[in-house]
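Here the structure comes first, spelled out in structure tokens, and everything after it is commentary.
In the numbering used here, the protein residues as written are 7 to 130.
What follows is the structure in structure tokens.
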């Protein structure tokens, strides 16, 4: 295991470690056995499957859609983009899924979406 993962063992690196706990060989003690190690900076790109944007119907406008469209085009990637338009007065919502646009959930994109009135976003 060490030979396979030695490149990651360095002071100051931020890592994402996945593994399992198991009984040590011939013992009642538990051990953690790492199965994969990745740089934390790569996790968002590799693990992100979807960026879900929820828009309040009261705040929906052509200007808002244009702004979101520009942001999404500026951050191409591999995550699926889905949008949900919700009506706060009625229990009604419309789910929209883009089949052609894929995004990268960079901090600049997420922060820009979070500062918009009536817009929420979630990375899944």
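Note that the Cβ used here is the ideal one computed from N, Cα and C, for glycine as well. Bear in mind the structure is a predicted one, so any value in this text is a computation, not a measurement.
Between residue 102 and residue 61, the alpha-carbon positions lie close to 11 Å from each other. A Cβ-Cβ separation of about 37 Å leaves residue 11 out of contact with residue 59 under the 8 Å criterion. Shown here, residue 50 sits in a helix according to DSSP, grouped into three states. In its chain, beyond the 5 residues on either side, 39, 41 have a beta carbon closer than 7 Å to the beta carbon of residue 26.
Note that the region 66-78 does not touch the region 43-53; fewer than 3 beta-carbon pairs, one per stretch, sit closer than 8 Å. Note on residue 125: 16 or more other CB atoms within 10 angstroms of its CB, so buried under the neighbour-count rule. Within a 10 Å sphere around the beta-carbon of residue 81 sit 16 or more other beta-carbons, which makes this residue buried.
Taking every protein chain shown into account, the CB of residue 28 has fewer than 16 other CB atoms within 10 angstroms, so this residue is exposed.
Where residue 93 is concerned, the enclosing beta strand (DSSP E) starts and stops at 82-93.
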